[in-house]
Amino acid sequence: MKDYKKYNHLFLRAGFGIPVDKSIQLENIPLNNIVDNIFKDSESINPIILETDVDEYSERKYRDLSRKERQERRRKNRQNIQKINTTWLFKMTKDKESLREKMTFFWHGHFACKNNLSKLNEIQNNTLRNNALGNFRVLLTEISKDPAMLQFLNNQQNRKKSPNENFARELLELFTLGRGHYTEDDIKNAAKAFTGWGFNDKGEFIIRENQHDTSEKTFMGQTGNFDGDDIINIILENKRTAEFISEKIYKFFVNETPDKKIINNMSDIFYKSGYDIKKLLEYVFKSDWFYDEKNIGSKVKSPVEYLAGISKIYNINFVNENVLFGMQKALGQILLNPPNVGGWAGGKNWIDTSSLMFRLKLPEAIFNSSDLEFEYKKTSDDDMNIMPDEEKEKKSGKNKIRVLRNLKTEINLTGYLNYLKNKNENDTIDELSDFMLQIKLNPDTKNLIYKYSDKSSKENFIESTIVRIMSLPEY
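Numbering (this note's numbering), first residue to last: 197 to 671.
Listed below in structure tokens is the structure:
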């Protein structure tokens, strides 16, 4: 396999891609050194901090407001959540900490959560970012005490006289062990251990001692006066947790078809390291099997990976960042707004008729800064009532047709022009398809790309060929 193909694969999985000119600069650098540099670039942590006068951490403050005042506060919160959304997507494409942002995105899907208060979204997003490459024990503990998660899974209502099992159930089923590796009694007793866990009006974690169940509990074969921290420790003692997380990381970073032998090796490393996330990922990215042909180009890009990738790889700047929100809606994945606590299904679920058509039409609209129609299906994000001004309804029906406006972009393809300036048209198509798709085009597709590319100048041919390839289903 050519080195640049490995580089592209690595940067697509450990981040959101790499422009062709930067990929060329990596030639003759040992692959393990490149991996080390990726981790080094992600050592720094740059949190998202909004400057806003909306500072409530609980809707309890709304009780003393008039209806009009409540509506205004909620409107501002929606605007701020959208700002966090687009700021985060921008960070994915521009910041050097690509791996940290990729892992923040991974954990956002793993610990799927949504909240109507912008401050709680900001806190949780930064908690995921701070611990993205750290220790899973610390991350799990912090997310279990996170105000957005405590509210989302109803642990604020978890009291000793009426235990609420929602958080305990998802902790076991979705966050650590996976279905079938615990009993209903384990859920009931874990819920008792987490009674009293909540947060105050400043968003600070608190334990309401008068609401905490201090009785003896039996959980996964162990008996004691357990609290939430004890439950987390017992869960992490079980190697099944390392296996569960390792499989999710394998499916996210390597291949959606699990390889049990490799996942067992990953879980051994993860468990023996004390749940060191960085060590687990280093093992993945430095392993020969990571670069096997079966893993190259094997994953369907999620909408967020797709949008962040085209921005980063082709140096595209969206002048109006709000259109990024509309594009997420059209593609079916909105940051900070997962469909449910299980997160996004992923894989081939990303592709249906409407989203595929949008993906095929989007490249030309981006490069031409033109309006773009898309079919909008009612989804859970309607609960948040978020609708950017740039997204206008055209007509109503079973599925609404909307028009994405103000799709103005600034695109810098200098690196591509310099790389391809001495290539003829045939070689240009081959080079771009190899780089962009990591596969060889069949002759018929290649002929169609050539036929519909702009041959009026070298620059126009390169740009139009990029657009044609981006518009292929394979992309």
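Ideal placement from N, C-alpha and C gives every residue a C-beta, glycine not left out.
Whole-angstrom C-beta distance between residue j and residue i, which should lie under 8 Å
i: Thr-549; j: Asp-425; result: Not confirmed; about 48 Å, so no contact.
i: Asn-204; j: Phe-631; result: 7 Å
i: Tyr-467; j: Lys-444; result: 15 Å between Cβ atoms; not a contact.
i: Asp-567; j: Leu-600; result: 7 Å
i: Thr-300; j: Leu-324; result: 5 Å
i: Phe-322; j: Ile-244; result: Looking at the sequence shown, residue 322 is not Phe but Asn. 6 Å between Cβ atoms; contact.
i: Leu-335; j: Trp-303; result: 7 Å
i: Leu-633; j: Glu-670; result: 5 Å
Residues that residue i bridges to, as DSSP identifies them
i: Arg-355; result: Ser-358
i: Lys-413; result: Gly-420
i: Arg-679; result: With the chain covering 197 to 671 only, the question about residue 679 has no answer from this structure.
i: Thr-605; result: Phe-514
i: Asp-472; result: Asn-331
i: Gly-394; result: Ile-402
Cβ neighbours of residue i in the same chain (closer than 8 Å, five flanking residues each side left out)
i: Thr-282; result: Glu-517, Asn-518, Leu-520, Phe-521
i: Gly-611; result: Pro-215, Val-216, Asp-217, Lys-218, Asn-511
i: Thr-414; result: Asp-381, Asn-385
Same chain, Cβ closer than 7 Å to residue i, neighbours up to 5 away in sequence not counted
i: Glu-501; result: Phe-212
i: Gly-543; result: Glu-452, Val-496
i: Asp-472; result: Asn-331
i: Phe-554; result: Ala-526, Leu-527, Phe-570
i: Glu-369; result: Arg-375
i: Asn-396; result: Ile-402
i: Lys-207; result: Correcting the residue identity first, residue 207 is Phe in this sequence and not Lys. So the list reads Gly-213, Ile-214, once near-sequence residues are dropped.
Residue i, buried or exposed, once every other Cβ within 10 Å from all chains shown has been counted against 16
i: Ala-210; result: buried
i: Thr-379; result: exposed
i: Arg-183; result: What is shown of the chain runs 197 to 671, which leaves residue 183 out entirely.
i: Thr-419; result: exposed
i: Ala-504; result: buried
i: Ile-402; result: exposed
i: Asn-643; result: exposed
i: Gly-538; result: exposed
i: Gln-267; result: exposed
i: Asn-351; result: buried
i: Asn-656; result: exposed
i: Ile-635; result: exposed
i: Gly-225; result: Residue identity check: residue 225 is Ile in the sequence provided, not Gly. Ile-225 should be labelled exposed.
6 Å CB neighbourhood of residue i in its chain, flanking five on each side removed
i: Gly-374; result: Phe-440
i: Ala-344; result: Cys-309, Asn-311, Leu-316, Gln-320
i: Glu-606; result: Asn-513
>> Three Cβ pairs or more, each shorter than 8 Å: is that satisfied between the stretch 345-364 and the stretch 383-390?
In response: Taking 8 Å as the limit for Cβ pairs, the verdict is that the stretch 383-390 does touch the stretch 345-364.
> Can at least three beta-carbon pairs, one atom from the stretch 314-334 and one from the stretch 248-259, be found at a separation below 8 Å?
Replying inline: Segments in contact, yes.
>> Using 8 Å as the cut-off, can you tell me whether the stretch 467-486 makes contact with the stretch 522-536, which would need three or more C-beta pairs spanning the two stretches below that distance?
In response: No: fewer than three Cβ pairs fall under 8 Å.
>> Check whether the stretch 620-635 and the stretch 652-662 touch, using three or more Cβ-Cβ pairs below 8 Å as the test.
In response: Judged by Cβ distances under 8 Å, the stretch 620-635 makes contact with the stretch 652-662, as three or more pairs qualify.
>> Three Cβ pairs or more, each shorter than 8 Å: is that satisfied between the stretch 222-232 and the stretch 283-292?
In response: No, the stretch 222-232 does not touch the stretch 283-292.
> Using 8 Å as the Cβ pair cut-off and three pairs as the minimum, do the stretch 405-412 and the stretch 345-358 touch?
Replying inline: At 8 Å Cβ cutoff, the stretches touch.
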